[in-house]
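Structure first, commentary second.
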Ligand code: AFP
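In the numbering used here, the protein residues as written are 13 to 349.
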C-alpha cells in the first residue's frame, strides 16, 4: 500500500514502532518541531499583515543584521522545545551561547542545533525561507551539556530536516533511512506525506552559485563554473542552466526534486572565517539529507559530515547535490593539490 497521504505524526510513530527498543523520545521531539514549524509558517505567511517585516535593531553572533522574524522564529523554536522533556540543550544560529533547558522542566536525551529562519534576507521580497535542524544524542550522564557535548561529527546525527515556507509549506525529513517530504495541508493543520523516498538524479545540467563572488574563487571552482558556462562549446559539451535563490533551503529542495549542484565555496574574501555557511545547523543537516537522497556533500577536500567540529557557529565551504557533479568538483580540487 502506498504511504502517500499519511500524516507526518503517523509516519514518525510507525518508524518508532519498527524499533521496539525506542523510548518514543525522538517521536516526541519531532512532534514538537512539527508544531514549531507550523507556527513559524503561519507567522511568515502573515508577516506583511501583522508588521513582522524588516530588520530588528540587533546583530547575531556572526555580526549579521537580524530580521524581526529571525528573532521571533528563534523564540518559537525555543518555546516549543524547552519544556517537553525531550532535549538536554539547544544551539541556535541566533544565540551566541548554548541554550540550556530551564531547571523547572525535565531534560531529555537529545541535543538540537537549528537555524530558525534560513534565507531571511528573502522575507521582505516574499521568497522562500525555511527552518533547518539537526538532532544529536547527548552523551550520557550529562546534567548540563557543554560545548564539548555538541562537538559531534555530522555522521553522528540521529535525524535532520528542514521546513520550507514557500508557495506551500513542506517538511523534509531523514532519520537515516531515506528522505521523505511532507506538505502542510492548511485545512486540517497537518503535514501529509506527498514526496516519499526522494532521490537526487545523479547527473544534472543545473548549478547554483553566487556569481558575484567569482573574482575571489579558487582555481578548482573557477574551472568547474567556467566549463559549465561554456556549454556545448566547452569540454562539457552540454548547456547548463544557473539558479541562485540566496536561500539554501530553496536550493536544496530544488536539488532534491530535479537534481543540480549547490556551491558556497571558500574564497579569498571569506577564507579567514572558513566559509559562509554554518557547519552545525546548515551544512551538516543538509549533507545528511542530501546523502540519504543519494547525493554527495563535500567541502571540495573532505566529506562535510566527517569534519570534527570545533565551534557551534563554525563555517565551512559547501558543495552538495547530484553525485556526478560533486565528484567532478572534488576531483578538480585533488588535481590542483
Ligand atoms: P540569510 O539567512 O542571512 O539570508 O543567509 C542565507 C544563507 O545562509 C544561505 O541560505 C544562502 O545560500 C546564503 O546565505 C546566501 O548567501 P549570499 O547572500 O552570499 O548569496
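Just so you know, even glycine gets a beta-carbon here, dropped at the ideal spot from N, CA and C.
Problem set entry | Where residue 297 sits in the DSSP three-state scheme | Residue 297: helix per DSSP, three-state reduction.
Exercise. Who pairs with residue 112 in a beta bridge, going by DSSP?
Worked result: 101
Exercise. Which partner residues of residue 330 appear in the DSSP bridge assignment?
Worked result: 276
For this session: Apply the 10 Å Cβ neighbour rule to residue 284 and answer buried if 16 or more other Cβ atoms are within range, or exposed otherwise.
Result: With fewer than 16 other Cβ atoms within 10 Å, it is exposed.
Exercise. Three or more beta-carbon pairs under 8 Å between the stretch 32-52 and the stretch 95-111, yes or no?
Worked result: Yes, the stretch 32-52 touches the stretch 95-111.
Exercise. In three-state terms, what does DSSP make of residue 72?
Worked result: coil
Problem set entry | Three CB pairs or more closer than 8 Å across the stretch 251-262 and the stretch 303-313 | no
Exercise. Hey, how far is the Cα of residue 245 from the Cα of residue 343?
Worked result: 22 Å
Exercise. Of the residues 274, 297, 305, 125, which one's Cα is nearest the Cα of residue 211?
Worked result: 305
For this session: Go through the stretch 106-192 residue by residue and report every complete run of the alpha helix (DSSP H) that reaches 4 residues or more, in order.
Result: 159-162
Exercise. Can you find a heavy atom of the ligand AFP that lies under 7 Å from the Cβ of residue 263?
Worked result: Residue 263 Cβ: within cutoff of the ligand AFP.
Exercise. Quick one, are the C-beta atoms of residue 205 and residue 180 less than 8 Å apart?
Worked result: no
Problem set entry | Beta-carbon proximity of residue 86 to residue 108, cut-off 8 Å | In this structure, residue 108 does not lie closer than 8 Å to residue 86 by Cβ.
For this session: Please name the residue or residues paired with residue 195 in a DSSP beta bridge.
Result: 182, 204
Exercise. Beta-carbon of residue 45 versus every beta-carbon of chain C: anything under 8 Å?
Worked result: Given the protein chain composition of this structure (a single chain), no chain C is represented.
For this session: Would you identify the three-state DSSP class for residue 230, choosing helix, strand or coil?
Result: coil
For this session: Output the distance between the C-alpha atoms of residue 48 and residue 28, rounded to the nearest integer angstrom.
Result: 21 Å
Exercise. What residue does the alpha helix (DSSP H) around residue 59 start on, and which one ends it?
Worked result: Note, residue 59: alpha helix (DSSP H), 37-62.
For this session: Give a yes or no on whether the C-beta atoms belonging to residue 336 and residue 275 are separated by under 8 Å.
Result: For residue 336 and residue 275, no; Cβs fall outside 8 Å.
Exercise. Should residue 297 and residue 172 be called a contact, given that it needs their Cβ atoms to be closer than 8 Å?
Worked result: In terms of Cβ geometry, residue 297 and residue 172 form a close pair [threshold 8 Å].
For this session: Taking the CB atoms as reference points, tell me whether residue 66 and residue 136 lie closer together than 8 Å.
Result: yes
Exercise. Beta carbon of residue 197: closer than 7 Å to some heavy atom of the ligand AFP?
Worked result: Incorrect: residue 197 has no Cβ contact closer than 7 Å to the ligand AFP.
Exercise. Taking C-alpha atoms, which residue in 187, 347, 324 lies nearest to residue 165?
Worked result: 324
Exercise. In the structure shown, what three-state DSSP assignment does residue 218 receive?
Worked result: strand
Problem set entry | Pick from 77, 158, 174, 182 that is closest to residue 112, judged by C-alpha positions | Residue 158 is the option with its Cα nearest to residue 112.
Exercise. Leaving out five residues before and five after residue 229 in sequence, what residues of the same chain have Cβ atoms less than 7 Å from its Cβ?
Worked result: 277, 279
Exercise. So what's residue 259 in DSSP terms, helix, strand or just coil?
Worked result: coil
For this session: Note down the Cα distance separating residue 78 from residue 146, rounded to an integer number of angstroms.
Result: 22 Å
Exercise. Quick one: does the C-beta of residue 66 sit closer than 7 Å to a heavy atom of the ligand AFP?
Worked result: no
Exercise. Roughly how many angstroms lie between the CA atoms of residue 338 and residue 169, to the nearest whole one?
Worked result: The C-alpha of residue 169 is placed about 22 Å away from the C-alpha of residue 338.
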